[in-house]
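Below is one structure, written out as structure tokens; the observations come after it.
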Amino acid sequence: MSAFAAVASSAHKEGVTSYLSSLIRLPCVRWHSLSVLASCVVVRLTGAHRKRERERNCGIMTGILLATGVITALLTGCVAVETFGPLVKATVGQVWPKPQHQVVYDGYLVVRPSAFHFQVKRKTCDILEDALSRYSQVVRDVASDGVTSAGAGSLKARWRKDKLFAGYLDSLTVDLIVDCEDYPYLNMDEHLVQDTDLQTYRPTKPVVSWIQIQTFQARSSTLSEIFCEALGLERDELRINSPDLENSALLTSQTIWGILRGLETFTHLLYLEDGGKAFRVNSTAITDYPRFSHRGLLLDTSRHYLPLSVLKLSLDAMAINKMNVLHWHIVDDQSFPYQSETFPELSEKGAYNPVKYIYTHDDIRNITEYARLRGIRVVPEFDTPGHTLSWGPAVPNLLTPCYHDGEPDGTFGPIDPSVPENYIFLRNLFSEVVALFPDKYLHLGGDEVSFDCWVSNPNITAFMKNNNLSDYDKLEEYYVQKVVDISTQLGASAVVWQEVFDNGVKLENDTVVHVWTGNQQTELAAVA
Numbered sequence: 001m002s003a004f005a006a007v008a009s010s011a012h013k014e015g016v017t018s019y020l021s022s023l024i025r026l027p028c029v030r031w032h033s034l035s036v037l038a039s040c041v042v043v044r045l046t047g048a049h050r051k052r053e054r055e056r057n058c059g060i061m062t063g064i065l066l067a068t069g070v071i072t073a074l075l076t077g078c079v080a081v082e083t084f085g086p087l088v089k090a091t092v093g094q095v096w097p098k099p100q101h102q103v104v105y106d107g108y109l110v111v112r113p114s115a116f117h118f119q120v121k122r123k124t125c126d127i128l129e130d131a132l133s134r135y136s137q138v139v140r141d142v143a144s145d146g147v148t149s150a151g152a153g154s155l156k157a158r159w160r161k162d163k164l165f166a167g168y169l170d171s172l173t174v175d176l177i178v179d180c181e182d183y184p185y186l187n188m189d190e191h192l193v194q195d196t197d198l199q200t201y202r203p204t205k206p207v208v209s210w211i212q213i214q215t216f217q218a219r220s221s222t223l224s225e226i227f228c229e230a231l232g233l234e235r236d237e238l239r240i241n242s243p244d245l246e247n248s249a250l251l252t253s254q255t256i257w258g259i260l261r262g263l264e265t266f267t268h269l270l271y272l273e274d275g276g277k278a279f280r281v282n283s284t285a286i287t288d289y290p291r292f293s294h295r296g297l298l299l300d301t302s303r304h305y306l307p308l309s310v311l312k313l314s315l316d317a318m319a320i321n322k323m324n325v326l327h328w329h330i331v332d333d334q335s336f337p338y339q340s341e342t343f344p345e346l347s348e349k350g351a352y353n354p355v356k357y358i359y360t361h362d363d364i365r366n367i368t369e370y371a372r373l374r375g376i377r378v379v380p381e382f383d384t385p386g387h388t389l390s391w392g393p394a395v396p397n398l399l400t401p402c403y404h405d406g407e408p409d410g411t412f413g414p415i416d417p418s419v420p421e422n423y424i425f426l427r428n429l430f431s432e433v434v435a436l437f438p439d440k441y442l443h444l445g446g447d448e449v450s451f452d453c454w455v456s457n458p459n460i461t462a463f464m465k466n467n468n469l470s471d472y473d474k475l476e477e478y479y480v481q482k483v484v485d486i487s488t489q490l491g492a493s494a495v496v497w498q499e500v501f502d503n504g505v506k507l508e509n510d511t512v513v514h515v516w517t518g519n520q521q522t523e524l525a526a527v528a
């Protein structure tokens with residue numbers, strides 16, 4: 001009899017008490033059902049004069065609970081038999097994000113941390129040298145937690161008796177084909193390339209004692225691969241146990257960005273085994289490429305200030321997950337931690353703490369360099385005309401005064417688009433920002449602009465009349481168009497939130513429209 005049938009039979013024949021006894025044997029039904037079960041039992045035990053009505057109500061509750069419990073069990077894959085430990089056993093030696101194609105063969109190699117090293121075959125640069133040092137440290141750090149020399153002799157004897165033991169891997173050769181680029185960029189070439197098309201080679205059985213990590217230009221004619229090729233997306237092939245690379249490993253790429261992704265993949269394949277005393281790497285073949293050329297994470301340092309150490313930890317986590325864009329939402333209504341050298345009073349009056357909770361130019365250079373060495377772009381966002389209350393104390397007449405009954409009420413709204421000096425201020429501020437951040441793109445925001453303050457302000461009303469602006473969407477378009485033009489004149493390409501596009505602002509062809517709300521499929525189709 002199934003768990004479902006057993007519980008149903010018990011509930012029908014023996015009532016709530018037996019039903020409770022049976023139902024709680026289902027491990028994933030137990031706890032979320034206790035409150036309803038308790039109320040049902042209370043109904044059974046109180047008020048004899050309304051016993052029949054209470055039993056009828058309890059029966060209804062029992063039916064609802066039974067259905068809920070069974071559905072929960074089906075959706076979560078729970079079974080009636082409880083076992084010790086996790087329901088899903090953790091994997092080892094697997095790559096994350098999950099590769100597009102992966103084949104795991106029989107056999108493994110043992111990596112000895114004390115002997116393992118990287119070898120550079122062709123080109124090198126500061127990014128590569130830093131990466132090799134960093135990933136060497138990763139191996140040493142993990143090794144210090146588990147790999148020991150204790151019992152090495154017995155381990156070797158055990159490995160030699162294991163038919164899956166393929167030998168030792170003591171080095172990874174890194175072959176960078178062309179000179180490094182200095183800074184990552186949108187649609188950068190992250191392809192992994194080699195001289196011959198490994199798509200044609202498929203071993204009929206695993207051959208032990210080699211590991212090959214090879215990277216190559218996509219030559220397949222499938223639609224998905226042509227799409228990746230057109231976008232310059234990463235594609236890599238990693239092989240463990242290849243006939244032509246006995247007891248060795250090779251990573252090749254045409255670009256430094258592909259090398260960085262390949263090194264990360266390699267470290268994912270390593271896992272501790274033998275009671276935490278040795279590294280292993282499985283015989284594996286991987287063909288991989290990311291789905292998107294922009295793989296970003298937004299961090300808001302205005303609402304909650306983040307110290308440099310936390311930003312760097314976030315960049316490390318991004319590198320592990322092969323993300324390549326830090327969207328730095330650096331300022332907002334709540335605080336202005338960016339320390340401008342042109343307008344120092346912005347952080348002096350707008351930061352949570354003008355000494356402690358700020359980002360100096362040196363801090364920003366520190367972060368952008370840390371990101372560059374990991375193949376990560378840093379795109380700053382200075383969101384306007386809304387989300388700017390922290391700007392106001394430092395810049396007279398920047399924000400729009402709000403009115404009530406024809407008089408200023410002491411509150412402020414978005415940037416005042418009717419004041420010509422405001423555009424001069426923005427040009428000077430953005431000129432500094434563009435010179436400081438090496439990325440081509442500057443995020444200008446443009447989302448969630450409340451029109452209430454503009455509507456209340458008589459100067460705004462007069463300005464709109466004089467400029468034939470029929471509604472407040474047109475006023476916002478007027479402002480955003482000027483700001484987008486400023487960024488273009490400064491040599492930066494703009495990123496804007498989708499409201500800017502929706503409101504009909506004329507955008508340059510290289511403008512990125514950032515979709516974040518509503519029906520995303522419809523919005524993306526409109527933007528495309």
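Numbering (full-length UniProt numbering), first residue to last: 1 to 528. Every residue, glycine too, gets a C-beta built ideally from N, C-alpha and C.
Query	Result
What did DSSP end up calling valine 527 once you bin it into helix, strand or coil?	helix
Asparagine 422 lies in the alpha helix (DSSP H); which residues open and close that run?	420-436
Give me the Cα-Cα distance between leucine 475 and leucine 399, rounded to the nearest whole angstrom.	15 Å
Exposed or buried, glutamate 448, counting other C-beta atoms within 10 Å across all chains shown (16 or more means buried)?	exposed
Can you tell me whether glycine 491 is helix, strand or coil according to DSSP?	coil
Do you know offhand how far leucine 299's Cα is from glycine 504's?	28 Å
Among Asn519, Asp473, Gln520, Asn509, which has the Cα closest to the Cα of valine 500?	Asp473
At the level of alpha carbons, what is the spacing between alanine 525 and aspartate 162?	56 Å
Alpha carbon to alpha carbon, how far is glutamine 498 from glutamate 264?	34 Å
So, do the region 358-378 and the region 437-445 have three or more beta carbon pairs nearer to each other than 8 Å?	yes
Looking only at its chain, what residues have a beta carbon closer than 8 Å to the beta carbon of glutamate 171, apart from the 5 residues adjacent to it on each side?	Per the sequence shown, the amino acid found at residue 171 is serine instead of glutamate. Excluding sequence neighbours, serine 171 sits near Phe116, His117, Phe118, Gln119, Ser248, Ala249.
Whose C-beta lies closer than 8 Å to the C-beta of arginine 140 among residues of the same chain, with five residues either side of it excluded?	Pro113
Using 8 Å as the threshold, is the region 409-425 in touch with the region 384-391, meaning 3 or more CB pairs across them?	yes
Check cysteine 125 in the structure and name its three-state DSSP category.	coil
Provide the residue span of the beta strand (DSSP E) that contains aspartate 502, from first to last.	Run containing aspartate 502: none in the beta strand (DSSP E); it sits in the alpha helix (DSSP H), 498-502.
Mind checking which residues open and close the alpha helix (DSSP H) that includes proline 458?	458-466
Pull the bridge partners of valine 110 from the DSSP assignment, please.	Tyr168, Arg280
Mind checking which residues open and close the alpha helix (DSSP H) that includes isoleucine 259?	256-269
Please report how far the alpha carbon of valine 480 lies from the alpha carbon of leucine 169, in whole angstroms.	57 Å
Determine contact between the region 305-316 and the region 284-293, defined as no fewer than three beta-carbon pairs at a distance below 8 Å.	no
Rounded to whole angstroms, what's the CA-CA distance from lysine 506 to leucine 429? Just pull it up for me.	23 Å
Quick check: what's the CA-CA separation for leucine 442 versus proline 86?	46 Å
Bridge partners of threonine 173, per DSSP?	Gln119, Leu250
For aspartate 447, list the residues DSSP reports as bridge partners.	None; aspartate 447 has no bridge partner.
So is valine 92 buried or exposed if we call it buried at 16+ other beta carbons inside 10 Å?	exposed
Counting C-beta neighbours from all protein chains within 10 Å, is the total for aspartate 405 16 or more, i.e. buried, or is it exposed?	exposed
Let me confirm a value: residue 535 is counted as buried when at least 16 other C-beta atoms fall within 10 Å, else exposed. Which label applies?	Residue numbering for the chain in the displayed model covers 1 to 528; residue 535 lies beyond these limits and cannot be assessed.
Figure out for me which residue from Leu346, Val310, Tyr352, Tyr338 has the closest Cα to the Cα of aspartate 362.	Tyr338
At which residues does the beta strand (DSSP E) containing tyrosine 403 begin and terminate?	399-404
To the nearest whole angstrom, what separates the beta carbons of valine 174 and lysine 121, a pair I think is in contact under 8 Å?	7 Å
Of all the alpha helix (DSSP H) runs that stay within the bounds of the region 289-343, which reach a length of 4 or more residues?	308-320
I need the DSSP call for threonine 287, collapsed to helix, strand or coil.	strand
Considering just the uninterrupted stretch of the beta strand (DSSP E) at arginine 377, what are its terminal residues?	377-381
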